[in-house]
Structures are given as C-alpha cells and as structure tokens.
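Protein chains in written order, with the numbering used here: chain A, 1 to 321; chain B, 1001 to 1457.
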C-alpha cells in the first residue's frame, strides 16, 4: 500500500519496515498547487494535500503538525474524506532536546506503527537493513547533487523521497559558468514548481544550496548504526531534523550558515507558499543573520504571475553582479 | 427595565455623580477621560458603556495594566511574560510571591484602543511582520519600543500545536534578542486503543501520555519561574495557586451565567471580564475585587429586574475574540445580545481539578485548550454551549491574518449549522472596524433578522 507523507521528518524507514511503500508527496503528479487568490487564508500546499487525500482515498496520507495549516488541514480532510482510516496526523515536536519532545516522538512513532498495522502492514522487521540502505542513498545523493545542475539535484532528492531511488547516471553539470551561487530556502517545492530553478539560472544565478523542505536538508546524515530500533529512530530523527518550525529554530540557521559558507553563497531566495507564516516571518531575520541580499518569492508569483516573478528575480540577480 | 447605556462624554458627569455619592476607588481609579487625554486611547470616545461604578473599575483596571506592571517592577516584583497558552502558565506564576505574569499578546488590543495612533502595527511591519499576520504582531513592536509593558524578567511561550503566525512572531522576537523559554504543547487527540485515557476539564479526553508530556514541560517551566523568583514552586504553593485561580473562575462563571442568561451586563464589558481569566490582568487579588464588584452589581440588577440589554434581543453565541471591541457594542445596537462565548480560552474558564497532584491538574487544563485540539472538538463544545444557552445564531469572528481562522472556521461553521440548524456567519473584524461598518452591519443585521424570522415559525 502507498503511504504518502508530507514532511521529510516522518521516519520513512519505519513505514518501509512495516512492509508499506513510503511515498513523498512532492513528486506525485496529482499534487498541484492551486493558483489564484487564496482569499480564505489557507496555504496552497496544505490545500493541495487535502485535495490529494480526497482524490486518492485508496492511499494512506500522513499529515504532520509541523505547521498550523497542515495540522488543521487534517481536520478539514477528516471532515470530507470518506476513508478516514487511511489518514494519520503525525505530531512532530517543535522543541529540541527536551524530555517532552522525545516522549512525543516516541509516542508518534509507536502510533504510526499501529496505524500501519491497521492498514495491513506487518510487524516491523529488517530495520537493520532498511536503515543503512536509506542512509547510503542519502549519502550518495549528497555527493551526486554536488556535481549536478540544481534542477537535476532537486529532482533526484524528490525522487528519493518519492520512492527511495537514486540516479543511475552520472550528473551532467553543476554550475553554469559565471553564474552567481544562491541559496534557495523555504517550504515544499513540488515538481510542478521546478521552473524556479530555470528562472534563477536564466537570470544569471544558480541554486548552489537547496534548503527547501524537499531539498538537501532532507538528506542530513543519520547517526551511528547500532541497536537500530525505536530508540535509534527517535535519536536519529530528533537530531536530523533541521527546519524552520523548530523552536528555537537556530538549528536551521546554523545549518544554513555552515552550508552557505562552504558554498560561498552570495544571496538567499526565500521560497514560500502564500499564507505560509512560518517562512515569511523569517525574511527579515535571514537578512540580519547573514548580511546577504534576500529575495522573498511566493508561489503564486512563479505561475500565475510568472512574468512578474521573472522580472523580480532578474532584477535581483542583476543587482548582485 | 433596561439600564442606561452611556457615551464616553456622558461618563464625565456620571463620574462626578458617583464621586459625589461617595465612590471609593482603588489607586488606579479615576475618570475614564484621562485614558484618552493622557494615554491616547482614542477608541474610547467611540464606545458605549455600562454606567455602573463596577464597570468603571473594570475599565480602569484594564487600561492601567501597563502602568501597574511598571509599578510592580519598581516595587521589586519579578515580571514574567507568558505567551500563547492563554491561561496556563500564569496560574503557576501567581503561585509565587512577588511575581506578576502577563501576556504580551494582549498588546493586540493596543492598536484598537489607540486607533492605530500607537504606530505598533507599522513598526511591526518595519520589523518584517506585515499585515498578513495577526494583529498580535503589535506585541513585537511593543517589545522593541519599550513604551508599553516593561521588559519581562523571563519570557515563556508554548509551541507545537499553536498558531503559526503567533509562533513566527515569537520566534522573530527571539531573533531580535529576547530569549524565550519554549515549552511543547502536543496536539490534543483522542486516545488510541490500548492507551490510558485521561478526562480533561471541559469534557474532552486525551491520552495520559499527552498529559504526562504537558506535565513534564510545565514542571520544567515551573523550575524556571522559581529560579527567577528566587523561590521554589513546590506542590503546596501551586495547589494554593490553583485554588486561587479557581476562585476567580467561580466568580467568572457566576457572572457569565447571569450576564448571558439575564442580560445583566453588556457584551463589551463581559468580553473584557472574560479576558481577566487568562492572567488576571496582571493582578490576581485585584481581579477578584473587580469581579466581586461586578457580581454585586449584576445581582442587584437581577433583584431589581434591571437588564443591560433587552431580553428580547437575538441570542448570539460569539466565537473568537474581536480585534475591535466596538463590534460588541454594534451587535447590541443592531438588536443582538451575547448568550455565550468561546473567546479561544475556554480552558481558562473551566475549573482546574483540585483533587489531583497540582502539576497533573495544570497539565490537564493546558491540554484542554480549545486551540490545541481538532477543530471539530472545539465545534462540538460550541454546539453544546449553544444548546445550553439557547443560542439563536452564531457569529464566528475571524482575526485578520490569524492562521487558525482560515481552516477551523469552515469546520466549526459547518458542524454548527448541521447540528443546530441555526444561522451562522463568519466575519472578519480588523483592529479598527469603522471602514467596514456597512459590510458588518449588513451581515450582522441579516443574521439577526434571519434569527428573528425563525421565532415566528
């Protein structure tokens, strides 16, 4: 059975260990960002997930609590989804390193296991082979994308999240000659929105660091492989998670500082969906923390208002030259 | 008989008359007008007021909160800024001696009271938090400009199952150099099979594991509070704090019961009364005194058969606090009256269990927060409250930019309509709603007319 998950911080190894097929939502062709006015204030991505769960009642969908929109989106999905037993809300703790956050994570991993059993999964097994396999794929991908174009890198990561696959071909090329290295940070970038990479390249830049939700952060390495079980899973995901929703969110800033220094990033593009408060609130803090030019790009701008977005990005890149 | 509702200008003469009759006021008392002339609360002249001395005391208590906090600081009290949980951490903080806890979130009413003359919203925008966020962003600017409340000795904020806009604003605050002690609030859910259930105040049930999580977090925060205060927040102190909080809640419940069923006090004053529940407006003992005065007034009116609003007015259940308090006046002007409310903190009105270990009791209360659980649970409680109060209509006011309003509004409105078959509307009320008056009046009046028409069936 396909089990779609909506955050890279849902332990996919645990889903696979129950004999289910973990699938990230970012690649799925049914996932479309609804463009146009979001007058109701609902985030377009959360709205898409609700629609996706309605349209695919035979699949399981794991919502997460990492944002208010998805958390409450689950409530909306429950109200209208005929197949309630296929929906699950995974409570991702926001705090870091506390006893409570570990307790929450433990409970959720156990509950997720029960949910998967109810769906017909088997008792967890083969974690000791599944975990290293996922880890090896993450490490491979981190290396692979360093030599790949930004769009190919985004695709490779998203395909990995979708079906645990890794590219079989050598990457074609990394940066276009003379292009300005920028970091793209922000929320989920589904396949349908990957034009953003072309737009940036056509404007004279390239995404040297993909810090979006389904970008390189999702490849953060896991810990040592010993006693792989629930405790290992808790430790691994509690330390791997690097996201803006965490409180405090300094781990994201530290990650970005480290990676942007290594890659000599010249500017930051912040990608967010309309009505995504979590990311939009960080624009000013990013400017202050990195002393780099920051451009905020909202999803509506890349499709319905593509020309305007292109002009903004072009002007932004021009100002960096 | 209906009591006289008076304008701001009429309060001058009324105040003189009350003084002539021997009105005794606490030190923060005085004529209402000074809050406009000295405090810049320009909204006050546009409101209609209950004319009682008890209501005057309530207004003076509310409008002097920052002044009282500064005085408390000068008197050596520790100031705790508690954010987002709306009613939980203050119970613990006030269990300690010489500690005042307040919600910086409360600054969200400042742009309304000062008709944006405070510039807080514009300043928040300059700090990167624009109008797409909830008006609580005023808090951010108030921290930076230091012109309102004193800088707290400790800032505490719940996170996890909270509104994104608030959480983002608080995180921005931390980036600006205000350290925050975050505590995890799990998203409340029903127990799965095999999990130990724990009944919560208010009637919901959560798994004991979630209560344990909240308890361990609150104990951690309690330790921090004690460290700041230089005292130990032990079980005995917290138990006493809970008893005192419950005393406030019992008074509040009596008052709500009389005001909402018999119309003894108007909607505007009652909205403010309910707000006292979350942090006692920075003074727990004085809150008791204010509530006792109001209750005495309410009981007197009951005996005399006097009402603040017509009992024939359409009984409206109101959901969510309003960014512009004038909207409470407008509802009554147009023929409605509040018969019940859910201003987002019903957990701060329910009694905290006194027969449990105190941290366990506080954790249960925290988890009973209507905003941390599923929207349908909040809807179901609203439905029960509507049935008990005989609500003829429901108004769900949206807070501009608040992330929870967009999704939960649909769930709540649909459930209420389906179960109760009464008219329901959603309204967005900005901090100063004057410009939206035609739209507001059309929608509210249409709602009230619909509800009235249903009486004739």
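The beta carbon of each residue, even a glycine, is placed where N, CA and C say it ideally should be. Quick caveat: nothing in here was measured; it's all calculated off a predicted structure.
* Asked: With DSSP run on the structure shown, which of helix, strand or coil describes residue 1380(B)?
  -> helix
* Given residue 65(A), which residues of its chain have a CB within under 6 Å of its CB, disregarding the five upstream and five downstream residues? -> 71, 91 and 92
* Neighbour flag for residue 42(A) against chain B, beta carbons, 7 Å -> yes
* **Interface partners of residue 1404(B) on chain A, CB under 7 Å** => 68 and 72
* Given a threshold of 16 other Cβ atoms within 10 Å of its Cβ, counted over all protein chains shown, does residue 103(A) qualify as buried or as exposed? -> buried
* **Beta-carbon contacts of residue 1181(B) that lie in its chain and below 7 Å, excluding the five residues immediately before and after** => 1154, 1155, 1156, 1221 and 1224
* Under the three-state reduction of DSSP, which class applies to residue 104(A): helix, strand or coil? -> helix
* Asked: Which runs of the beta strand (DSSP E) spanning at least 3 residues fall entirely within the segment 17-90 of chain A, listed in chain order?
  -> 21-24, 60-64 and 87-90
* According to DSSP, which residues form a beta bridge with residue 1082(B)? -> 1156(B)
* To the nearest angstrom, how far is it from the Cα of residue 157(A) to the Cα of residue 314(A)? -> 26 Å
* Is there a Cβ from chain B that is less than 7 Å from the Cβ of residue 65(A)? -> yes
* To do: Below 8 Å CB to CB, which residues in the same chain sit around residue 228(A) once its five sequence neighbours on both sides are set aside?
  => 127, 128 and 131
* To do: Might you give, ordered along the chain, the residues of its own chain that have their beta carbon closer than 7 Å to the beta carbon of residue 38(A), omitting 5 neighbours on each side?
  => Unreliable placement is indicated for residue 38(A), whose pLDDT of 43 sits below 50; the coordinate value is still reported in the next sentence. Contacts found: 44, 274 and 275.
* Asked: Which word fits residue 124(A), buried or exposed, when buried means at least 16 other C-beta atoms lie within 10 angstroms of its C-beta?
  -> buried
* Asked: So what does DSSP say about residue 1037(B), is it helix, strand or coil?
  -> helix
* Asked: Would residue 63(A) pass as a contact of residue 89(A) if the rule is Cβ separation under 7 Å?
  -> yes
* **Neighbour flag for residue 247(A) against chain B, beta carbons, 7 Å** => yes
* To do: Count the other CB atoms, across all protein chains shown, that sit within 10 Å of the CB of residue 291(A); report buried if there are 16 or more and exposed otherwise.
  => exposed
* To do: Evaluate the contact criterion for the segment 1301-1321 of chain B versus the segment 1255-1268 of chain B: three or more CB pairs, one atom per stretch, below 8 Å.
  => yes
* Examine chain A for any beta-carbon lying closer than 7 Å to the beta-carbon of residue 1020(B), and answer yes or no. => no
* **Selection of the segment 91-119 of chain A by Cβ proximity to chain B, strictly under 7 Å** => 91, 93, 94, 95, 98, 99, 100, 101, 103, 104, 107, 111 and 114
* To do: Pick helix, strand or coil for residue 191(A), following the three-state DSSP scheme.
  => helix
* Which class does residue 1103(B) belong to by DSSP, given the choice of helix, strand or coil? -> coil
* Asked: Of all the residues that make up the segment 137-160 of chain A, which are near chain B by a beta-carbon distance shorter than 9 Å?
  -> none
* Would you list the residues sitting across from residue 1428(B) in a DSSP beta bridge? => 1398(B)
* To do: Within the segment 126-214 of chain A, note down every full alpha helix (DSSP H) run reaching 4 residues or more, in order along the chain.
  => 127-145, 150-163 and 195-202
* Should residue 178(A) go down as buried or exposed, given a rule of 16 or more other Cβ atoms within 10 Å for buried? -> exposed
* At a Cβ threshold of 7 Å, is residue 1408(B) touching chain A? -> yes
* For residue 1066(B), which of 1403(B), 1283(B) and 1096(B) has the nearest alpha-carbon? -> 1283(B)
* To do: Would you be able to state if there are at least three C-beta pairs under 8 Å between the segment 1243-1257 of chain B and the segment 1345-1361 of chain B?
  => yes
* Which residues share a DSSP beta bridge with residue 1249(B)? -> None; residue 1249(B) has no bridge partner.
* How would you label residue 1296(B), buried or exposed, when you count the other beta carbons within 10 angstroms and need 16 or more for buried? -> exposed
* Inspect the CB distances between the segment 1412-1422 of chain B and the segment 1175-1191 of chain B and report whether three or more fall short of 8 Å. => no
* When you compare only the Cα positions, how much space is there between residue 1340(B) and residue 1051(B)? -> 22 Å
* Would you say residue 1165(B) faces chain A, with C-beta separation under 7 Å as the test? -> yes
* Taking the alpha helix (DSSP H) that residue 1090(B) falls in, what are its first and last residues? -> 1089-1093
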